[in-house]
Amino acid sequence: MASKSFTKTFFSLLLVSSFAIIQMAIARDPDIISDFIVPANVTAIDANFFTFTGMRTLVRPGLPTNTTTFTAWKASMAEFPALNGQSVSYDVLYFPAGSINPPHTRTFFSLLLVSSFAVIQMAIAGDPYIISDFIVPANVTAIDANFFTFTGMRTLVRSGPPTNTTTFTAWKASMAEFPALNGQSVSYDVLYFPAGSINPPHTRVRATGLIFLLQGTLQVGLIDTTNKLYTQTLQAGDMFVFPKGLVHYQYNPDAQTPAIAIAAFGSSNPGSPKTLFNTNIDDIFLAKPFKRNVATILALKAVSVELSIIKNPTVVRMEQAILDGLQNLHATYQGGRRRIQVTVRDRADLLEECALSLFESFSQTDNKTNMR
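Residue 30 is where the sequence shown starts when you use our numbering, and the numbers rise one by one after that.
As structure tokens, then:
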């Protein structure tokens, strides 16, 4: 059932098999020196500024049936002012039977075309310029159309996402999976959120992300460099932009229905650090910003905690608890003879708050317990 539901939703914009839809993400702007650009006539910014709802009618009720010509619906800076300076935009392109988007170029952009049945998602982006049309891998001697083709999403579309997982899953088409993207400054993720799952707080250090929700509901949030939190609840057909480098997350609050989204990035390798403590950074430099002593940092690196997230108890490292711990996180730490338990119920989707809540619970062991 999940497979059929996924396929049906994934092609909800597809009314007749001879029609095709193209979703297009476009990127390449000069770097800006702020998190985002506030329009001159705007005095206050909230999450609505980062949200675009203009595609909802394409999902519900669907595409028009009274046209035979190529049609484009745009989410560019003109329609979505938050995109100014973010080097990303989206078009949904509708091709009735026999219609055409005539030959053209994108002067500043590269194209990523991901095709499945009659639905095509296209990402267009730009990183530093290269001095050739494309970069040929060292082990490749001949180039044909297969080099520019990625088929790794076919199984996902035809069979649907796996039904035996309760955790967030991302299928990637980045430079690692699709070598033709090297130097082309574009990549794609297909994001699957089972009921109650989350994409934990993280950053994309090299690219702005533009998420397009195809099915379900998502609660999303981002934190700017002034530590202001912006949260929004997205419906199918909505888009949300995550400016480059800002901490952000996505969460499916629905206890029954999965959510499916496409994320486009203005880089072939957006980059996302996955750990707080599993690095070679000296412990003293981790201790100071978190206002903890080195003993606590060492304990947090080494200790495992027992978690109950949704209905799936598991044992994970503390650093992963901080990254994954969201609603209804219960952590128990055994340090020497001391046993400490912490429950995070609200706003734990915020990396800082989750981390600090856990650090506070363990701080009482500083210099008091032989932690191991």
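Even glycine gets a Cβ: it sits at the ideal position worked out from N, Cα and C.
- In this structure, DSSP gives ASN77 a helical state, which the three-state scheme calls helix.
- Contact annotation, LEU247 with ASN193: C-beta distance approximately 22 Å; criterion of less than 8 Å not satisfied.
- In this structure, ALA126 is the residue among ALA202, ALA126 and ARG85 with its C-alpha nearest to the C-alpha of THR96.
- The residues TRP200 and VAL219, in chain order, have a CB closer than 7 Å to that of LEU185 in the same chain once the five nearest residues on each side in sequence are set aside.
- According to the DSSP assignment, VAL186 belongs to the alpha helix (DSSP H) that extends over 183-188.
- According to the DSSP assignment, VAL88 belongs to the alpha helix (DSSP H) that extends over 85-88.
- Looking at the backbone, the Cα of HIS231 and that of GLY245 are separated by about 22 Å.
- Within the DSSP bridge table, the entry for SER216 names PHE294 as partners.
- The criterion of a C-beta distance shorter than 8 Å is satisfied by ALA293 and VAL117.
- In the structure shown, LEU92 adopts coil according to DSSP, grouped into three states.
- Short of 7 Å from the beta carbon of VAL67, and not among the five residues preceding or following it, lie these beta carbons of its own chain, in chain order: ILE74.
- PRO272 is classed as buried because its beta carbon has at least 16 other beta carbons within 10 Å across all chains shown.
- By the neighbour-count criterion, in which a residue is buried when 16 or more other Cβ atoms sit within 10 angstroms of its Cβ, THR195 is exposed.
- Ranked by how close their Cα comes to the Cα of ALA284, the residues ILE227, SER214 and GLY238 have ILE227 in first place.
- For LEU210, the secondary structure class from DSSP, reduced to helix, strand or coil, is helix.
- Excluding its 5 nearest sequence neighbours in each direction, PHE207 has C-beta neighbours in its own chain below 7 Å: PHE179, listed in chain order.
- In the same chain as SER296, and ignoring 5 residues on each side of it, the C-beta atoms closer than 6 Å to its own belong to ASP156, SER214, ARG235 and ALA236, in chain order.
- Taking LYS103 as the centre and dropping the five residues before and after it, the same chain places the C-beta of ASP120 closer than 7 Å to its C-beta, in chain order.
- The three-state reading of DSSP puts ALA174 in helix, counting H, G and I together.
- In this structure, GLY274 lies away from ARG85, with their beta-carbon atoms at least 8 Å apart.
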